[in-house]
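Data first, discussion second: the structure below is written as structure tokens.
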């Protein structure tokens, strides 16, 4: 049985919300279109306390990004976010 990408995304989003995540999204596993924008963002200190973002920024801009658990053939990446103080709750 084939399941459409939209149906899979909807199911993943429902599961993320059921687990208490506030946001869920899916993005292409491809190079960042403007890597210099990430560099400028970090240089201006906009990353705040997210020090992990400033480490190895080149790793976050290549295609696909190098994440230890990412399958090399991945075409999409799903992310779920839990906000301690969330306007969505």
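Residue numbers (our numbering): 30 to 118. All C-beta atoms, glycine included, are put in the ideal place defined by N, C-alpha and C. Everything numeric in this text was worked out from a predicted model, so none of it was measured.
Pick from the options: whose alpha carbon is nearest that of residue i?
i	options	result
residue 51	58, 42, 105	42
residue 61	108, 102, 90	90
residue 55	81, 32, 37	37
residue 112	39, 45, 33	45
residue 85	71, 78, 63	71
residue 108	32, 49, 53, 39	53
Please state whether DSSP places residue i in a helix, a strand or coil.
i	result
residue 58	coil
residue 83	helix
residue 48	coil
residue 88	helix
residue 111	coil
Less than 8 Å between the beta carbons of residue i and residue j, yes or no?
i	j	result
residue 104	residue 58	yes
residue 66	residue 76	no
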